[in-house]
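> Chains H, B and P are the protein sequences, given in the same order. 389 is the number that this note's numbering gives the last residue of the first sequence; the numbers go up by one with no jumps. 485 is the number that this note's numbering gives the last residue of the second sequence; the numbers go up by one with no jumps. 788 is the number that this note's numbering gives the last residue of the third sequence; the numbers go up by one with no jumps. Glycine included, each C-beta is placed from N, C-alpha and C at the ideal position. Below is a structure I'd like to ask you about.
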Amino acid sequence: MTKAFLSGNEAFAEGVRLARPQVISIYPITPQTTVVERLSEMVENSSLKSELIHVESEHSALSCAIGASAMGARTFTATSSQGLLYMAECLHYASGGRFPIVMMNANRSTALPWNIYGDQRDSLSQLDCGWIQVYVEDAQESLDMALQGYHIAESPLVSTPVMVNLDGFVLTHTYETVEIPNQTDADRFLPPFQTKNKMSLDNPKNLAFSVGPDNNMEFKYLQHKAMLDSKRIIEETDKKFAEIFGRGYGGLTQGYRLEDADYILITLGSITGLCREVVDELRQNGEMVGLLKIRFLRPFPDEDLAAALGSVKAIGVLEKDISFGYEGTVYTNVNSVIAKNGLRLETYNFIAGLGGRDISRENIRAMFRHLQTGGQHVNFIGLGVSIDE
Amino acid sequence: MSKPYLRPYQKPQKLSDYPLGTASEAGYLVTKNCGWRNERPIIMDECINCLQCYLYCPDGVIFKTKSGLDIDYDFCKGCGICEKICPKQAIKMEVE
Amino acid sequence: MSKQITAKTITDSEFFYGHKACAGCGGSLAVRIALKVLGEGAISVLPAGCMSAVGFNYPHLCFSNNSIISTFAGTASMLTGVEAGARAVGIKNFKAVGLAGDGGTADIGIQALSGAIDRNDDILYICYDNEAYMNTGIQKSGLTPFGAKTTTTPSGENIHGNIRPKKNLFEIVAAHNIPYAATASIGDLKDFMNKIEKASKIKGTTYIHVVAPCPIGWGIPVNETIEISRKMIDCGLWYLAEYENGQFKLNRTPRKFSSIKDYLLSQGRFKHLEDADIKILAAQRDAKWTTIRKNWNTTEEEL
C-alpha cells in the first residue's frame, strides 16, 4: 500500500490498473479525459499491460469493448455526458448481452445549452439501460469502486456491466490523499475474468442473436433477475473488500447519523461530504437530522430505504437532475419505495447543481429547514431569479 | 465435412434452460427450409462433376458424394441458380 | 503464385447453412463463400441487416463458426474489439472478419470502418453490396446507383429514381492507404475466393467490396442472381480490381463493353429509365474507365 495525492480521475485510473483490464478503448471527453491519459501513461511505462485501442467515437468505444468482452477479455472504457448519450445504443447492447464491462462516467451536464460542468442528468437519463449504476463520493471510493466494479460485474450470477459515476470536476479533478493498494492484494480480491458468455475456437458460439416474441421476455426477465441478484453480490463484494483492504462502504447505501433521525436528506455522489458536515452542525444544535447516501441507483436499494425510513417524519431527495415536466428521477424512485411499503412520511425533492451550479452549506441547511417546516414538494435550489412571475 | 445440422428442440421449461447472455451453440438448426420451394432441382446423368452448382448455391445445399453430387432437400429453397449455372444442362427443375 | 482456390480445393464444410435468406440471395452466397475460404478460425461480425436477420434467430443459429451480431454502425469497431480480445486471451489462428451490407458499410458504419483502417487493425472487412437497404425493404443507400428505383427514390414524372451516383467506397477505403483492398462480384467466385484468401494472409486491415445482387430489390427472377452479376461486369458498370502497395490494379480488362441498356432494362429497378438516363450512366461509366485506363495498372495477371 502506498499513499498518493490524486484527483478522482487519477485515483480511478489507479483502480483500473490494479484490475488488469486486457482491452481498453479510449476516447477523450471533458471531464473524463485524464482517466484515459493516465491509463495511456501506465501502458507506456509498463505498469499496465493492456491493449489500448484509440477508437474514433464513444459508440465505437463501447462497441469495441463489447467485442473484446465477447472473447472473454476484461475490458474498460470511460466517458461522460454527450459521449454517454452517443453510446446509448451500445449501453443496452452490453447489458442485454450480459457483458461485464466496467465503465467510468464523469457526470456532466447534457447539451443544450452546452456546458462542461457537473450534473447527473447524463447517467440518470440512462437509468433504464440495464447497467448497474454506482455513484461515488470521493477519490478513494473512486479507486475502490473500479476494483469492486469488476468483482460485481463478473460474478457469474450477475454478468452485467457496471457504470461508476464520478461528479464532473468536483470529484474528477479534485485532489485528495488516496491509499493505493498493492497488486498482490488487488489480485487476491479480484480473480481473473472467467465466463461462459464468450466465443472460443474449441466451443464456437453464436452471440448477440435475435429472440422473437416466443422467448424474448424470458431473456429480459433473466436480465432483471441478474440485477436483483446483484444486490447480494454487491454486499458480499464490499465485505470481502473490507476484509482485504480495511475499508468498506456499506453496500447499496451508506447511512450517517440515521439513528433516531426524524429528518433525512438522501444524497448521491460527491455532495454527500458537505451534507454530512451540515448534519453534524445541526445535530450539535439538537436537531434530529440524518443522511442517507444512495450508492447504487440500479439495482435500486428499496429494502435498505424501507428499513431506514420506517420511523422518519420527512425526507428530502437532493439530486443534480430533473426529468422535465415532472420531478427528479431519484425522487420518483424513492417515492415508489415509500408508497409500496405504506410508509407515512412527507417527501421533498431538491433539484440542485444543474450545469455545475454551486450547492452551498446554506442551501443544505435550508433543505433541512424545509423538511421540518414543510412546503412545496419539488424545489429548485439556488435559482438566481424569481420564478413567481 | 461439417456443417450446421438439425437438432431436436424443446422450448425451455425453466429459466435455467436459457443460455447466459445471448450466447448459444454455433450452427444449431431447428427448422427446415424445404417448405419454401415450388420446384426442386434434379441432378441428371449428364453431370460432369464440374462443381459449379456446388460453388454457386447460395444455400450450400449441393454436396459432394463418392459418386458425384447430391442435394440436401431439407434446406434447398428451389431458387434454380444451379440449373442456370450448369454448363451441361444437367440439372432440371421439377415441380414439387 | 500460390495455389489457387477452386471449387475442387475449397473445404467441403459449410459454415453458413440453414439460413432464412430469400431464395437466390446474393448476399448469402457471398457470406457462405467467404466463410468457406476462411474456415473454422473465422470469427465473424455481422451488423444488423439481412445476413444477421436470417442467420441468428435463437434457437435456430446458422453459423457454425464463432459469430456475433454488432450494432448497425459498429461492425468495424466490434471487429477491432474481437481481434484485440482474442489476442488478449491467447487465441491463435483466428481471423476476425466483418460481413456487412452496403448501408452498414458506406453509410452508418463508415466512421467505424475508417477508424479501424486508420488504426490498421488486423481485420478483414467484407462489404456485400446489393445497392440498397434490402432488409428494411429496398430503400436508397449511399451505394444505390444513379437511376435505381427504390421505395424511397420512386420513379415518377419528376424523379427517375435515385438522382445521385454510387459512392466510390473502394477508392474511399484505398485513400486511407490500407494494406489491401479489392472489388469483387459473386458473378466471379474464383476471383472473389482468391481475393479473400490473399486478404486473410495480409497483416493489417484489408477490405473486399463484393457486389451481391438482391433478386427482390433488383427486380430479377431468383435464378438470375449470378447472370446479372456477370452482366454488370461485362457492361462496365462494375470492375474487378485491387489496391495494394499504394497502387491500383485492374484484374480484368474488357476489350469491349456489352450493352449497358440490356443490363439495366433486364431489372425491375431500372425499367423506367429513358434513353437520356441511360446515356448519363454510360457517360459516367466511360469517364470512370478513362481514368482507370490512364492511372491504374491494367496488365492482366491471374491472382
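1) Could you give the C-beta distance for H/Met104 and H/Gln32, rounded to a whole number, given that I count them as a contact under 8 angstroms?
2) Could you compute how far the alpha carbon of P/Phe472 sits from the alpha carbon of H/Leu124?
3) Whole angstroms are fine: how far does the CA of P/Asp592 sit from the CA of P/Ser640?
4) Could you please give me the residues that DSSP links to P/Pro664 through a beta bridge?
5) P/Pro762: which of P/Gly622, P/Pro630 and P/Met619 sits nearest, CA to CA?
6) When you compare only the Cα positions, how much space is there between H/Phe209 and H/Val279?
7) In angstroms, rounded to a whole number, what distance separates the CA positions of H/Lys196 and H/Asp202?
8) Which whole runs of the beta strand (DSSP E) in the stretch 23 to 64 of chain H are 3 residues long or more, in chain order?
9) Please confirm whether H/Thr347 and H/Ile359 have their CB atoms less than 8 angstroms apart.
10) I'd like to know whether the C-beta of B/Gly424 is nearer than 8 angstroms to at least one C-beta of chain P.
11) For H/Asn197, would you say it is in contact with chain P, using Cβ-to-Cβ distances shorter than 8 angstroms as the test?
12) Where B/Ile474 and P/Ile711 are concerned, what is the direct C-alpha to C-alpha distance, given to the nearest angstrom?
13) Quick one: give me the first and last residue of the beta strand (DSSP E) that H/Gly290 is part of.
14) Contact criterion: CB-CB distance below 8 angstroms. Does H/Gly212 meet it with respect to chain B?
15) Residues of chain H with a CB under 8 angstroms from the CB of B/Thr411: which are they?
16) Measure from the C-beta of P/Met486 to each C-beta in chain B and report whether the shortest distance is under 8 angstroms.
17) Select from the stretch 555 to 567 of chain P all residues with a C-beta closer than 7 angstroms to any C-beta belonging to chain H, and list them in chain order.
18) Please state if the CB of H/Arg188 and the CB of H/Ser244 are separated by a distance shorter than 8 angstroms.
19) Along the beta strand (DSSP E) that carries H/Ser80, what are the first and last residues, could you check?
20) Between the stretch 434 to 454 of chain B and the stretch 219 to 231 of chain H, are three or more C-beta pairs nearer than 8 angstroms?
21) Taking Cβ positions only, does H/Ser159 come closer than 8 angstroms to chain B?
22) Would a check of beta-carbon distances place H/Pro156 closer than 8 angstroms to chain P?
23) At which residues does the beta strand (DSSP E) containing H/Thr160 begin and terminate?
24) Closest Cβ-Cβ distance between P/Asp497 and chain B: below 8 angstroms?
25) Note down the Cα distance separating H/Ile53 from H/Ile387, rounded to an integer number of angstroms.
26) Looking only at its chain, what residues have a beta carbon closer than 6 angstroms to the beta carbon of H/Gln148, apart from the 5 residues adjacent to it on each side?
27) Quick check on DSSP: helix, strand or coil for H/Ala70?
28) For H/Gly246, which three-state DSSP category applies?
29) Could you please give the first and the last residue of the uninterrupted alpha helix (DSSP H) stretch that includes H/Val134?
30) In chain order, what residues of the same chain lie with their CB nearer than 7 angstroms to the CB of B/Glu472, ignoring the 5 residues before and after it?
31) Counting beta carbon pairs with one atom in the stretch 136 to 148 of chain H and one in the stretch 169 to 185 of chain H, are three or more of them shorter than 8 angstroms?
32) Taking the straight line between their C-alpha atoms, what separation do you get for B/Phe452 and P/Phe501?
33) Considering only the alpha carbon of each residue, which of H/Arg232, H/Pro192, H/Ala308 and H/Asp214 lies closest to H/Ile266?
34) So, for P/Gln752: in the same chain, excluding its five sequence neighbours on each side, which residues have a beta-carbon less than 6 angstroms away from its beta-carbon?
35) How long is the line joining the alpha carbons of B/Pro397 and P/Gly524, rounded to whole angstroms?
36) For H/Tyr326, does the count of other Cβ atoms within 10 angstroms reach 16, so buried, or fall short, so exposed?
So, to answer that:
1) Their Cβ separation, rounded to whole angstroms, is 7 angstroms, which keeps H/Met104 and H/Gln32 in contact under 8 angstroms.
2) The structure shown has nothing for residue 472 of chain P, since chain P only spans 486 to 788.
3) Straight-line Cα distance between these residues: approximately 23 angstroms.
4) DSSP, once it has assigned bridges, lists no residue as partnering P/Pro664.
5) Residue 762 of chain P is actually Asp in this sequence, not Pro. The shortest C-alpha separation from P/Asp762 is found at P/Pro630.
6) Spanning the alpha carbons of H/Phe209 and H/Val279 requires a straight line of approximately 51 angstroms.
7) Near 12 angstroms, if we compare the C-alpha coordinates of H/Asp202 and H/Lys196.
8) If you keep only unbroken beta strand (DSSP E) runs of at least 3 residues inside the stretch 23 to 64 of chain H, you get 23 to 26 and 51 to 54.
9) No, the Cβ-Cβ distance between H/Thr347 and H/Ile359 is not below 8 angstroms.
10) Taking Cβ atoms only, chain P never reaches closer than 8 angstroms to B/Gly424, which makes this a no.
11) No, H/Asn197 does not count as interfacial toward chain P.
12) Each residue's Cα considered, the two are about 8 angstroms apart.
13) Taken as a continuous stretch (DSSP letters only), the beta strand (DSSP E) holding H/Gly290 covers Val289 to Ile294.
14) No, H/Gly212 does not count as interfacial toward chain B.
15) Gly96, Gly97, Arg98, Leu207, Ala208, Phe209, Val211 and Phe219, listed in chain order.
16) The predicted position of P/Met486 is uncertain, since its pLDDT is 48 and thus under 50; no value can be drawn from it.
17) Taking 7 angstroms as the Cβ-Cβ cut-off against chain H, the residues of the stretch 555 to 567 of chain P that qualify are Ser555, Thr556, Ala558, Gly559, Ser562, Met563, Leu564, Thr565, Gly566 and Val567.
18) Residue identity check: residue 244 of chain H is Ile in the sequence provided, not Ser. Yes, the pair counts as a contact, with Cβ atoms nearer than the cut-off.
19) That run of the beta strand (DSSP E) goes Thr75 to Ser80.
20) Counting Cβ pairs under 8 angstroms, fewer than three are found: no touch.
21) Taking Cβ atoms only, chain B reaches closer than 8 angstroms to H/Ser159, which makes this a yes.
22) Chain P contact via Cβ: absent.
23) Run containing H/Thr160: none; DSSP gives neither H nor E here.
24) It does; some Cβ of chain B falls within 8 angstroms.
25) Between H/Ile53 and H/Ile387, the alpha-carbon positions lie close to 48 angstroms from each other.
26) Thr237 and Phe241, listed in sequence order.
27) The answer is coil: DSSP assigns H/Ala70 none of H, G, I, E or B.
28) Looking at H/Gly246 - three-state DSSP - the assignment turns out to be coil, as it is neither helix nor strand.
29) Premise fails: H/Val134 lies in the beta strand (DSSP E), Ile132 to Tyr135, not in any alpha helix (DSSP H).
30) These residues qualify, in order along the chain: Pro430, Ile480, Lys481 and Met482.
31) Yes: the two stretches touch, three or more of their Cβ pairs being nearer than 8 angstroms.
32) Cα to Cα, B/Phe452 sits roughly 14 angstroms from P/Phe501.
33) Residue H/Ala308 is the option with its Cα nearest to H/Ile266.
34) Answer for P/Gln752: Trp703, Gly704 and Ile705, listed in chain order.
35) Rounded to the nearest angstrom, the two C-alpha atoms are 26 angstroms apart.
36) Exposed: under 16 other Cβ atoms inside 10 Å.
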